[in-house]
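Residue numbers (our numbering), protein chains in the order written: chain A, 1 to 393; chain B, 1001 to 1393.
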């Protein structure tokens, strides 16, 4: 998994200036500071953290996070879990529903493999049919390969996202009772992720949304515990609200992933005073390839960075670089002077973009080029393979 | 380049139903009909066609197009050109500006390689600096490796796109005169692509935009020819306007690429009566993984298909499948009944999405799964590798 084609490894120890464009570049120093901030935050609040590896898709970064104190990683896809396990990460939670029997057979195989390495696989479920199919796959794996393995199962409730999950309350109880009929499934707790709340701009709106989510969790937990079943863990939270989930008293684990790189979208949230000050650590390096009197064109379009959460910001490296990025299509970006600045970058000028959204941006690249010593005068220290790039199934 | 991992090739001859989700699936029969329609259109209008391989990024599809009569292919990136040449495609036009000396050295190497195979490399230029750097790279390659190669150069003018290209008129003449000072550069004609016009919804607006573009081309051509230099070819056009460029009398070559797969965005254009009736041939197969009373959730989000040109359409395979797709994030799609239809698909149901935009969708996938016999009961006939996936530099 970790063998890189020669042209990437040749970059090691070379100056930032030698990186061809467009390229995904990680400021390793800023990334490490973000990692420390997160680990300290979790420690201070006595809460588990299990960062979402759907963001960086890298087994080596997952291992770095676990070494810093993370309980494991989350993923959204079976194929992402496979990439993590292949890279030596054995505490993996598929925080999503899996329904296809072929995929569930792969999940069962992964449960066995992680257990053999002293780890644990977990998965989310939001339907009786999903539970039955998962139990069947686990049993078939047991019959076929011998020996029993147990998979941790989180029952997903919809706390405001409006996507997967059952309604909070009695529907979750029904699932927990069904779950307990299957010896290969162990009830691990509740999955309660409010994705939409993470991106609400005002701190007040986010507080309101997470308070409502916490109420829904509490109600559901009480109903389940009234049946004599303990709810040992509630897992959820993202980079936008993690201070709120941590303070809620109901969440026991934070799934935030983007904090490691910080995208332009999350940086636009009104900051909660208790929020750790995460820095931008992920950039797309780009070059000006065409200039006109009123705009310049760079070589990074939306095949280089995702635009689902808006256009990238242009990182201001110097006083004359206050530029705004406009959509120029798949392979181009249009740059115009931002207010109060009239200097356009010249032909060949290198620029740094801060993508709107980390996760789908990383997924466009085979590798992340890790730089130490800053974007101005740093050197390439490591090449981080995007192990689960394109891992869709 | 063409060796596929075993799990893909194992799909050959298997029924459509066996394709795991999400997956990029090509209806090969529809694709071939689109190909024939384009070839017949070009023949009827006595115009060259050089489809844009930035769309399919596949050397084997490029060769199929050339076999059907295409003059070669366009690409936007040096790395895409390298993928084409490595796959045996030797008539390649980089319809974009290249400025970095390292990339220009690769361009010069490709010029030599294509010539050695009886082909021809071409490139676009829109600045004096660009011309000088290109000539220098060609000369350095000549000195270093012996023997001279000539590269075809198109001078790009901006006919309304507002991106790369010089203003029509005298600025282009200046570039042509500079170009002719360099023996390794051969003036091939004008690059005049109006990308924005392709997506104007009304046929009247598109006619107006392309008429204006044709006027700009004519003016520029007259000024160049007044200097005693022939403008042998004007190249441009996309799937949205190709009937207009073909009828303009000034364009000699059509660069349209999307016609082969037809995305949801182009299908929303008011159709010009002369436009060949291109069919949707590219789909994302997806599965329902969660259901609620008011919506269903499928396993394809914007890591499976690009959303820069809007959400995908849900392909109606039966009367009860009139569904609308809403953004569910990176890995999910939210499905709601479209007007006049109240049936939601059940858990496990397979659906077919028609992506908003072909090009960046293909770029998210390692392979395209080619199916013959229809989406209902067809079989997998071939696996088409996306050779230039992620070829950004």
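Ideal Cβ placement from N, Cα and C applies to all residues, glycine included.
A quick note: this is a predicted structure, and the numbers were derived from the prediction, not measured.
Considering only 1118(B), 1084(B), 1052(B) and 1142(B), the residue with the shortest C-alpha distance to residue 1255(B) is 1052(B).
Under the Cβ criterion of 9 Å, residue 385(A) is not counted among the residues facing chain B. For the segment 81-126 of chain A, the full-length beta strand (DSSP E) segments reaching 3 residues or more read 91-94 and 120-125 along the chain. Two segments are said to touch when three or more pairs of C-beta atoms, one from each, lie closer than 8 Å; by this definition the segment 1263-1272 of chain B does not touch the segment 1325-1340 of chain B. In the DSSP assignment, residue 291(A) is bridged to 296(A). With a cutoff of 9 Å on beta-carbon distance, residue 124(A) and residue 94(A) are scored as near each other. Inter-segment contact for the segment 1105-1116 of chain B and the segment 29-38 of chain A is absent: fewer than three beta-carbon pairs are separated by less than 8 Å. Counting the other CB atoms within 10 Å of its CB gives residue 1363(B) a total of 16 or more, which places it among the buried residues. Cβ contact annotation for residue 1066(B) (same chain, cutoff 8 Å, sequence separation greater than five): 1072, 1073, 1089 and 1091, in chain order.
The closest CA to that of residue 1309(B), considering only 1199(B), 1144(B), 1190(B) and 1107(B), is found on 1199(B).
Taking the Cα positions, residue 205(A) is about 15 Å away from residue 238(A). The Cβ atoms of residue 173(A) and residue 190(A) do not sit closer than 9 Å to each other. Listed along chain A, the residues sitting closer than 7 Å to residue 1077(B) by beta-carbon distance are 331.
DSSP assignment within the segment 1235-1315 of chain B yields the following whole beta strand (DSSP E) runs of 3 residues or more, N-terminal first: 1282-1291 and 1296-1298. For the segment 1161-1174 of chain B, the set of positions with a beta-carbon nearer than 7 Å to some beta-carbon of chain A reads 1163 and 1164 in chain order.
Using a 10 angstroms sphere on the CB of residue 225(A), the tally of other CB atoms stays under 16, which defines it as exposed. Taking 3 residues as the shortest admissible run, the segment 12-38 of chain A contains the following complete beta strand (DSSP E) segments, listed from N- to C-terminal end: 23-27. Proximity of residue 1051(B) to chain A, defined by a Cβ-Cβ separation below 9 Å, is not satisfied.
For residue 1188(B), the enclosing beta strand (DSSP E) begins and ends at 1185-1191. Within the segment 1129-1205 of chain B, the complete alpha helix (DSSP H) segments of 4 residues or longer fall at 1170-1179 and 1195-1198, listed in chain order. Residues of chain A whose Cβ lies closer than 9 Å to the Cβ of residue 1363(B) are, in chain order, 303, 330 and 364.
In this model, residue 345(A) and residue 1020(B) are separated by some 47 Å (Cα to Cα). In the structure shown, residue 1370(B) adopts extended strand secondary structure according to DSSP, grouped into three states. Check the Cα spacing between residue 1347(B) and each of 1357(B), 1388(B) and 1287(B): the tightest is with 1287(B). Excluding the 5 residues flanking it on each side, residue 1111(B) has same chain C-beta neighbours closer than 6 Å at 1121, 1149 and 1151, in chain order. For residue 102(A), the C-beta contacts it makes with chain B under 9 Å involve 1018 and 1020, in order along the chain.
About 6 Å separates the CB atoms of residue 245(A) and residue 236(A); that is less than 8 Å, so the two are in contact.
The Cβ atoms of residue 300(A) and residue 1392(B) lie closer than 9 Å to each other. For the pair residue 62(A) and residue 285(A), the CB atoms are not nearer than the 9 Å cut-off. Among the residues of chain A, those whose CB is under 7 Å from the CB of residue 1297(B) are 163 and 164, following chain order.
Here residue 1357(B) carries a coil assignment [DSSP, helix/strand/coil]. Neighbours of residue 127(A) across chain B, judged by C-beta separation under 8 Å: 1290, 1291 and 1347. When DSSP reads this structure, residue 383(A) sits in a beta bridge with 369(A). In this structure, DSSP gives residue 1040(B) a helical state, which the three-state scheme calls helix. Closest in C-alpha terms to residue 85(A), from the list 252(A), 70(A), 101(A) and 107(A), comes 107(A). DSSP places residue 1066(B) inside the alpha helix (DSSP H), whose first and last residues are 1059-1067.
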